[in-house]
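Working notes for the structure below.
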Amino acid sequence: MIKTPNTSVPTQIRLRDGPNDHTGRVEVFVSGANQWGTICDDYWDDADAGVVCRQLGFYGGTALKKAPYGPGRSSLLTSGLQLAFV
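Take the sequence shown: its position 3, counting from 1, is numbered 5 in the numbering used here, and each next residue is one higher.
As C-alpha cells, this is what we get:
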C-alpha cells in the first residue's frame, strides 16, 4: 500500500536486478502511467524497506543507498513516498 497525504492506493511492488529473489531495486507499478517506476532513495530508510519487504512476504528489510542494483530503466522516478503497512 502506498500512502499519500490524502489517500492509500493498493499497488504492485517488485524487486528488480538483485542477485536473488529477496534482494534488489524497489519498483512500483504506476497505473495512471501504465509503467513501473523506481523509488528514489533520497529519503528511503529501513522503516520503508521493512514495509516493502513485509508486503512482499519477507521479514524485516534494510535500506541501501546509492543504487547498488542500478538506477532503473524507466524514466519515472518516484520520490517522497510515505509507506505504511496496512
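For glycine and all other residues, C-beta sits at the position ideal for the given N, C-alpha and C.
Whether Leu66 touches Ile15 by CB criterion (8 Å): Between Leu66 and Ile15, the C-beta gap is not smaller than 8 Å, which leaves the two residues out of contact.
Does the Cβ of Thr13 have 16 or more other Cβ atoms within 10 Å, making it buried, or fewer, making it exposed? By the 10 Å Cβ count, Thr13 comes out exposed.
Among the candidates Val28, Cys55, Asn22, whose CA atom is the shortest distance from the CA of Thr40? Of Val28, Cys55, Asn22, the smallest CA-CA separation from Thr40 is found for Val28.
My assumption, with CB atoms under 8 Å, is that Asp19 sits in contact with Tyr71. Please give the rounded CB distance. Right, their Cβ atoms sit about 4 Å apart.
What number of angstroms, rounded off, separates the C-alpha of Gly26 from the C-alpha of Asp47? The C-alpha of Asp47 is placed about 15 Å away from the C-alpha of Gly26.
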